[in-house]
Amino acid sequence: MPSVSIITKLAVAAGVLVQPLFLQRENITAELLSGLACAAIGVEQTLYTLLNSDKDTRPEDILTAFAKEKPLPAELAYACLQSVPLNMAAATDWIKWIKPYVEFQSTLGWLKNPPLSYQQPAVDIMGGLDTIANSVTAGKFKGQYEFEVAV
Numbered sequence: 089m090p091s092v093s094i095i096t097k098l099a100v101a102a103g104v105l106v107q108p109l110f111l112q113r114e115n116i117t118a119e120l121l122s123g124l125a126c127a128a129i130g131v132e133q134t135l136y137t138l139l140n141s142d143k144d145t146r147p148e149d150i151l152t153a154f155a156k157e158k159p160l161p162a163e164l165a166y167a168c169l170q171s172v173p174l175n176m177a178a179a180t181d182w183i184k185w186i187k188p189y190v191e192f193q194s195t196l197g198w199l200k201n202p203p204l205s206y207q208q209p210a211v212d213i214m215g216g217l218d219t220i221a222n223s224v225t226a227g228k229f230k231g232q233y234e235f236e237v238a239v
């Protein structure tokens, strides 16, 4: 079992992260709340791993255990996802990079203007990528997750 001092330090860190969420909720911005979500995930998983360890826990044991330990609350994971900022230059470059590969899709013309017998509505994939690129340039995406959902 890990030393009490490690657990105590992590518990204090968890309290520092979580206390504002419950005591001063009306004063916290959505950006701060979502940023705290990622930090809270790390502290929560570390505490869980340390408290449930049968041996002296090394840092690499904690990292290995993250993926197979306690499930995260969906709201916390979603808040963390939403807190990742969008790198507009990288997003624009990615759209430019992917377009030549998408052009290899042999059914683009049919998808854009399907025959009457086609079961699905028309979809303009290249036009959709252009719309997403324009939205990136215009700053319409709040973060990386919103951009990826659009793609």
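Numbering (the working numbering), first residue to last: 89 to 239. Quick reminder that beta carbons are idealized off the backbone N, C-alpha and C, glycines included. These numbers come from a predicted model, not from an experiment.
Check your understanding: CB-CB under 6 Å to LEU174, same chain, minus the five flanking residues each way: which ones, in chain order?
Key -> Sequence index remark: in the sequence shown, residue 174 carries index 86 (1-based). Excluding sequence neighbours, LEU174 sits near PHE229, GLY231, GLN232, PHE235.
Check your understanding: By Cβ distance, which residues of its chain are closer than 8 Å to TYR206, with the 5 residues on each side in sequence left out?
Key -> Counting from 1 along the sequence shown, the entry for residue 206 is found at position 118. Taken in chain order, the residues that qualify are TRP198.
**Study point:** For ALA178 and LYS187, the rounded distance between their alpha carbons
**Key:** Stepping through the sequence shown from its first residue, residue 187 is reached at position 99. Stepping through the sequence shown from its first residue, residue 178 is reached at position 90. LYS187 and ALA178: Cα-Cα distance of roughly 14 Å.
Point to revise | Option in GLY130, LEU204, VAL224, ASP212 with minimal Cα separation from LEU160 | key: Sequence index remark: in the sequence shown, residue 160 carries index 72 (1-based). When each option's Cα is compared against that of LEU160, the closest is GLY130.
Check your understanding: Should ILE116 be labelled buried (16 or more other beta-carbon atoms within 10 Å of its own) or exposed?
Key -> Here residue 116 is taken as the residue at index 28 of the sequence shown, counted from 1. Note that ILE116 scores 48 on pLDDT, short of 50, meaning its location in the model is unreliable; the coordinates nonetheless yield the value given after this. ILE116 comes out exposed.
Exercise for review: Could you check how far apart the C-beta atoms of ALA221 and ILE183 are, in whole angstroms? I think they sit under 8 Å.
Suggested key: Here residue 221 refers to the residue found at position 133 when the sequence shown is read from its first residue. Here residue 183 refers to the residue found at position 95 when the sequence shown is read from its first residue. Indeed, because the Cβ distance is near 4 Å, the residues count as touching under 8 Å.
Point to revise | For ALA210, the three-state DSSP class (helix, strand or coil) | key: The residue labelled residue 210 in the question sits at position 122 within the sequence shown. Coil at ALA210, not helix or strand.
Point to revise | Span separating the alpha-carbon of GLN170 from that of VAL211 | key: Position 82 of the sequence shown, counted from the start, is the residue given in the question as residue 170. Position 123 of the sequence shown, counted from the start, is the residue given in the question as residue 211. Looking at the two C-alpha atoms, the distance is approximately 27 Å.
Review point. In angstroms, rounded to a whole number, what distance separates the CA positions of LYS97 and GLY227?
Key: Here residue 97 refers to the residue found at position 9 when the sequence shown is read from its first residue. Here residue 227 refers to the residue found at position 139 when the sequence shown is read from its first residue. Caution is warranted here: a pLDDT of 49 is assigned to LYS97, below 50, making its placement in the model unreliable, and the coordinate value is therefore given only provisionally. When rounded, the distance between both Cα atoms is 40 Å.
Review point. Among GLN133, VAL224, GLN208, which residue has its Cα nearest to the Cα of MET176?
Key: Here residue 176 refers to the residue found at position 88 when the sequence shown is read from its first residue. Minimum Cα distance to MET176 is reached at VAL224.
Review point. From ALA162 to PRO202, what distance separates their C-alpha atoms?
Key: In the sequence shown, the residue the question calls residue 162 occupies position 74. In the sequence shown, the residue the question calls residue 202 occupies position 114. C-alpha separation (whole angstroms): 39 Å.
Practice item. Please classify LEU124: is it buried, with 16 or more other beta-carbons within 10 angstroms of its beta-carbon, or exposed? Key: Walking along the sequence shown from the start, residue 124 turns up at place 36. With 16 or more other Cβ atoms within 10 Å, it is buried.
**Study point:** Local Cβ density within 10 Å of GLU191, reported as buried at 16 or more and exposed below that
**Key:** Start at 1 with the first residue of the sequence shown, and residue 191 comes out as number 103. So GLU191 ends up on the exposed side.
Exercise for review: Please go through the same chain and pick out, in chain order, the residues whose beta-carbon is closer than 7 Å to the beta-carbon of GLY216, but skip the five residues on each side of it.
Suggested key: In the sequence shown, residue 216 corresponds to position 128, counting from 1. Once the five neighbours on either side are set aside, GLY216 has no close Cβ partner at all.
Review point. With DSSP run on the structure shown, which of helix, strand or coil describes THR219?
Key: As a working note, residue 219 is residue 131 in the sequence shown. Three-state result, THR219: helix.
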